[in-house]
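Novice: Pasting in a structure now, in structure tokens, and then I'll have a few things to ask.
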Amino acid sequence: MLKIGEFSKLSHVSVRMLRHYDEIGLLHPQRVDPITGYRLYGEEQLFTAGKINVYRGMGFGLTAIAGLLHEADPQKLRAMLERQQESLREQSEEMSQMLHRIKLAIAQLGEESTMANYDVTIKEIVPRYVASVRDILESYNYEGRLWHYMMKETADQNLTPANPCLAFGIFHDAEYKERGVDVEIQMTVEGNYHDTEHVRFKTEPAVCVASAIHYGSYETISDASAAVAAWVEKNGYQMCGVMFNVYHVSPHETQNPDELVTEVCIPVKRRDSAE
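Residue 135 in numbering that gives the first Met the number 0 sits at position 136 of the sequence shown, and the numbers go up by one each step.
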């Protein structure tokens with residue numbers, strides 16, 4: 000039998016944490032001396048303490064670790080580990096995005112104000128015949144799935160791109176959402192085609208927009224949206240439709256985010272004409 004201090008040294012778990020494990024039922028001493036109250040551990044419990052250390056190193060909480068220790072089915076244990084693996088992968092991606100945003104913020108220190116970096120103009124986007132896919136996505140990062148649907152389901156129809164061929168991303172939600180986002184993508188085409196499971200062909204009417212060109216990563220594209228919205232308010236216009244992007248240079252053309260060229264568009268009308 001090992002006293003708690005001895006067990007602590009051999010297991011690399013502090014005495015304080017061993018007492019906590021006892022309190023929450025994760026790892027009880029094998030015996031408590033009825034006279035002294037000393038906690039005594041069995042040598043075989045070092046293996047259990049080792050497993051706890053390993054699971055903590057994987058990012059599991061103590062409640063989850065209790066479940067892992069009591070799970071005897073290898074398949075269920077594997078599933079629990081794979082779920083944690085996926086969770087950590089998502090956290091890693093989020094952390095990478097945070098680091099990238101910090102890098103951008105550092106690079107922009109001392110530069111001119113964001114609004115000054117955008118030239119906002121009023122323009123009309125003419126009527127257009129488009130191939131369209133609209134769906135509810137887990138998040139905006141899954142927009143590529145819609146383009147996959149379009150390319151896969153129309154491959155046998157040999158779509159003829161319009162000249163110029165424009166690609167759109169349209170965001171139908173009335174507010175920003177982190178999950179369950181309503182997104183539509185469109186590509187201008189010429190000819191006659193039949194609808195598929197996900198792809199619809201339709202003619203979109205002309206629309207007047209305030210727009211600005213954003214160069215570079217989508218990480219900072221909200222700056223362009225803010226600049227356009229501020230310009231609209233300042234110059235006597237009113238928003239009158241869902242915002243959308245025109246992808247002049249998209250991830251389909253380049254894998255370098257610094258080379259992306261995106262036109263942020265907000266449908267507008269004169270404020271006096273809206274009253």
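Glycine included, every Cβ here is placed at the ideal spot set by N, Cα and C.
Computed from a predicted model, the values in this text were never measured in an experiment.
Enumerate, from N- to C-terminal direction, the unbroken beta strand (DSSP E) stretches of 3 or more residues contained entirely within the stretch 11 to 79.
Specialist: Qualifying beta strand (DSSP E) stretches, in chain order: 38 to 40.
Novice: Do you know whose CA, among Arg127, Arg144 and Val129, lies nearest Ile135's CA?
Specialist: If we check each option's Cα against that of Ile135, Arg144 comes out closest.
Novice: Output needed for Gln96: all residues of its chain with C-beta closer than 8 angstroms, excluding positions within five of it in sequence on either side, in chain order.
Specialist: Around Gln96: Glu218.
Novice: Enumerated in chain order, which unbroken segments of the beta strand (DSSP E) with a length of 3 residues or greater are wholly contained in the stretch 125 to 203?
Specialist: Listed in chain order, they are 127 to 136, 166 to 170, 180 to 189 and 198 to 203.
Novice: Does DSSP put Glu92 in a helix, in a strand, or in coil?
Specialist: Residue state, collapsed to three classes: helix.
Novice: Near Glu81, what residues of its chain come up, given a Cβ to Cβ distance below 8 angstroms and the 5 sequence neighbours on each side ignored?
Specialist: Excluding sequence neighbours, Glu81 sits near nothing in its chain.
Novice: For the stretch 216 to 257, list the alpha helix (DSSP H) runs that are entirely contained and at least 4 residues long, ordered along the chain.
Specialist: For the stretch 216 to 257, whole alpha helix (DSSP H) runs of length 4 or above, ordered along the chain, are 220 to 233.
Novice: If contact is defined by three or more beta carbon pairs under 8 angstroms, each pair taking one atom from either stretch, is the stretch 160 to 168 in contact with the stretch 213 to 233?
Specialist: Judged by Cβ distances under 8 angstroms, the stretch 213 to 233 makes no contact with the stretch 160 to 168, as fewer than three pairs qualify.
Novice: Classify Ala209 as helix, strand or coil using the three-state DSSP reduction.
Specialist: Correct three-state label for Ala209: strand.
Novice: Looking at the secondary structure, which residues open and close the beta strand (DSSP E) in which Val267 lies?
Specialist: Per DSSP, Val267 belongs to the beta strand (DSSP E) from Val260 to Arg269.
Novice: Just checking: is the beta-carbon of Asp134 within a distance shorter than 8 angstroms of some beta-carbon in chain B?
Specialist: Chain labels in this structure do not include chain B; a single protein chain is all it has.
Novice: How is Leu1 classed by DSSP in three states: helix, strand or coil?
Specialist: DSSP places Leu1 in strand when its eight states are reduced to three.
Novice: Should Glu142 go down as buried or exposed, given a rule of 16 or more other Cβ atoms within 10 Å for buried?
Specialist: Under this definition Glu142 is a buried residue.
Novice: When the Cβ atoms of the stretch 60 to 77 are set against those of the stretch 179 to 191, are three or more pairs found closer than 8 angstroms?
Specialist: As far as the Cβ criterion goes, the stretch 60 to 77 does not touch the stretch 179 to 191, which means the pair count is below three.
Novice: Roughly how many whole angstroms lie between the Cα atoms of Glu183 and Ala209?
Specialist: Answer to the nearest angstrom: the Cα atoms are 20 angstroms apart.
Novice: For Phe275 and Gln83, what's the separation of their Cα atoms in angstroms?
Specialist: Absent from the structure is residue 275, since the part of the chain shown begins at 0 and ends at 274.
Novice: Could you tell me how far apart the beta carbons of His197 and Tyr148 are, in whole angstroms, since I believe they sit closer than 8 angstroms?
Specialist: Right, the Cβ-Cβ distance comes to about 4 angstroms (below 8 angstroms), so this counts as a contact.
Novice: Take every Cβ of the stretch 257 to 267, pair it with every Cβ of the stretch 172 to 186, and state whether three or more of those distances are shorter than 8 angstroms.
Specialist: Segments in contact, no.
Novice: Go through its chain and collect everything with a Cβ distance to Met57's Cβ below 7 angstroms, but skip five positions before and after it.
Specialist: Within the same chain, Met57 has close Cβ partners Gln83.
Novice: Quick check: what's the CA-CA separation for Lys269 versus Ser91?
Specialist: Per the sequence shown, the amino acid found at residue 269 is Arg instead of Lys. Distance between the alpha carbons of Arg269 and Ser91: 46 angstroms.
Novice: Can you tell me which of Leu25, Glu177, Glu174 and His251 puts its alpha carbon nearest to the alpha carbon of Lys279?
Specialist: Nothing can be reported for residue 279, as the shown portion of the chain is limited to 0 through 274.
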